[in-house]
Amino acid sequence: MDQVEIFKALSNKSRLEILNWLKNPELHFSAEHQNCAGVCVGSIQEKSGLTQSTISEYLTILKRAGLIEATRTGQWTYYKRNEEAFAALSKLIGSEI
0 MDQVEIFKAL SNKSRLEILN WLKNPELHFS AEHQNCAGVC VGSIQEKSGL
50 TQSTISEYLT ILKRAGLIEA TRTGQWTYYK RNEEAFAALS KLIGSEI
């Protein structure tokens with residue numbers, strides 16, 4: 000767990016919003032835009048109102064930090080939170096910071 004990468008990833012309002020949406024995707028996205036692999040990148044981009052390139056950059060940052068996971072299915076990429084990473088982050092904050 001690279002603490003610097005994680006805290007950099009969390010230092011942006013839009014990225015925090017994406018993580019919040021992915022925490023409870025059934026509340027934020029229609030069923031047709033999600034599956035067991037996560038939420039389709041296009042749905043995240045549409046909900047955010049940001050450009051495709053910005054969303055791609057943000058998702059890459061979150062993925063590099065280990066906070067989300069990506070699954071490619073055909074031409075679509077689906078994203079979901081890495082809950083194990085959040086548990087480790089919570090433990091880190093509770094014990095070391």
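In terms of numbering that gives the first Met the number 0, the sequence shown has 92 at position 93, counting the first letter as 1, and numbering is strictly consecutive.
Even glycine gets a Cβ: it sits at the ideal position worked out from N, Cα and C.
I'd like the list of long-range same chain contacts for residue i, defined as Cβ closer than 6 Å, with 5 residues on each side in sequence excluded.
| i | result |
| --- | --- |
| residue 84 | 65, 66 |
| residue 76 | 40, 69 |
| residue 3 | none |
| residue 27 | 20 |
| residue 24 | 33, 38 |
Once the 5 residues before and after residue i are set aside, which same chain residues still bring their CB inside 8 Å of it?
| i | result |
| --- | --- |
| residue 49 | 13, 57 |
| residue 0 | 65, 84, 87, 88, 91 |
Please check the pair residue i and residue j, which I expect to be a contact at CB under 8 Å, by giving their CB distance rounded to whole angstroms.
| i | j | result |
| --- | --- | --- |
| residue 44 | residue 54 | 4 Å |
| residue 17 | residue 52 | Going by Cβ atoms, the distance from residue 17 to residue 52 rounds to 15 Å, so no, they are not a contact pair. |
Smallest Cα separation from residue i: which of the options?
| i | options | result |
| --- | --- | --- |
| residue 21 | 72, 73, 62, 96 | 62 |
| residue 81 | 36, 42, 93 | 36 |
Starting from residue i, follow its DSSP beta bridges and name the residues at the other end.
| i | result |
| --- | --- |
| residue 79 | 68 |
| residue 41 | Residue 41 is not bridged to any residue. |
Here's a check: name, in chain order, each residue in its chain whose Cβ is nearer than 7 Å to the Cβ of residue i, leaving out the five neighbours to either side.
| i | result |
| --- | --- |
| residue 152 | Residue 152 falls outside the range modelled here, since the chain spans only 0 to 96, and no answer is possible. |
Let me know if residue i comes out buried or exposed under the rule of 16 or more other beta-carbons within 10 Å of its beta-carbon.
| i | result |
| --- | --- |
| residue 88 | buried |
| residue 74 | exposed |
| residue 96 | exposed |
| residue 42 | buried |
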